[in-house]
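**Q** In mature numbering (1 follows the signal peptide of the UniProt record, and there is no 0), the protein residues as written are -18 to -1, 1 to 240.
Sending over a structure as structure tokens; questions will come in a sec.
Dropping the structure here:
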């Protein structure tokens, strides 16, 4: 289970207190396999350097766990400059349910991608399918500031059924006044394991919803998030901070419904 590390407006969020600074170009780091979630709440990868290959098949078989709507496995990642926060709990920190801190606070149960960083996650027990309305929720740690504005750090979202052919949701990463339509990381996260708020109901869960019909994809097993490079950077908590993913409209691997 993900550890519920919450903090109040604290966390003017991981990156808010750092300000905008130009760290220079991204390091040349390959995408690598990261690991899977296990029944014991550990991972086969642990904290790892982005440049080190890790055996992604050493974790427990996904079929040995109860079906849940959350991402089961990290298949690739690349950390950008000013990343680091959450890597001591990676990949477990981005698997399992969201640990939201509410409308006015940002959770610390997240992984910072850094400038231009990216991560690819896979659903193995329950796939997202195109159904009524929102099919997939992405949870970051956005929060509402005292003046009413949302502190947001954005990422673009891509989805795939086979991990090869990708479909990109248009992300208006420079449209602050419009609320960054099509991007992830723009709405506070209201669902947490201990508050009874459903993480699969777009009406109450918080986070950002995505409809597969918008990109013409009937089913998605993989989700890729890429920091837009237009966020707050500094220290080790720069950029988009991923909490979790959840399936809203789902299908079992055998084609059945849960």
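The beta-carbon is built from N, C-alpha and C at its ideal position, and this holds for glycine as well.
Please name the residue in 62, 67 and 49 whose C-alpha comes closest to that of residue 225.
**A** It is 67 whose Cα lies nearest to the Cα of residue 225.
**Q** Quick check on this structure: which residue in 203, 189, 90 and 216 has the alpha carbon closest to the alpha carbon of residue 172?
**A** Comparing C-alpha distances from residue 172 to each of 203, 189, 90 and 216 shows the shortest one belongs to 189.
**Q** Under three-state DSSP, which class holds residue 203?
**A** DSSP places residue 203 in the coil class of the three-state scheme, outside both helix and strand.
**Q** So what does DSSP say about residue 194, is it helix, strand or coil?
**A** Residue 194 carries a helical assignment under DSSP once its states are collapsed to helix, strand and coil.
**Q** Does the distance from the CB of residue 219 to the CB of residue 94 come in under 8 Å?
**A** yes
**Q** Rounded to whole angstroms, how far is the Cβ of residue 65 from the Cβ of residue 221, which I believe are closer than 8 Å?
**A** 7 Å
**Q** Out of curiosity, what's the CA-to-CA distance linking residue 50 and residue 62?
**A** 30 Å
**Q** For a test of the three-state rule: what should DSSP assign to residue 144, helix, strand or coil?
**A** coil
**Q** Mind reading off the beta-carbon distance from residue 168 to residue 210? Whole number of angstroms is fine, and I expect it under 8 Å.
**A** In this structure residue 168 does not touch residue 210 by the C-beta definition: roughly 11 Å separates them, more than the 8 Å allowed.
**Q** Does the beta-carbon of residue 177 have 16 or more other beta-carbons within 10 angstroms, so that it is buried, or is it exposed?
**A** exposed
**Q** Measuring CB atoms only, is the region 107 to 119 touching the region 68 to 77, in the sense that at least three cross pairs come out at less than 8 Å?
**A** A contact is defined here as three or more CB-CB pairs under 8 Å, and the region 107 to 119 fails this definition with respect to the region 68 to 77.
**Q** Is the CB-CB distance between residue 120 and residue 194 below 8 Å?
**A** no
**Q** For residue 209, does the three-state DSSP call read helix, strand or coil?
**A** strand
**Q** Could you check the C-alpha separation between residue 144 and residue 150 for me, to the nearest Å?
**A** 14 Å
**Q** Excluding sequence positions up to five away, which residues of its chain have a Cβ less than 7 Å from the Cβ of residue 126?
**A** 85, 86, 132 and 170
**Q** Enumerate in chain order the residues of its own chain whose CB-to-CB distance from residue 196 is below 8 Å, with the five nearest sequence positions on each side excluded.
**A** Around residue 196: 151.
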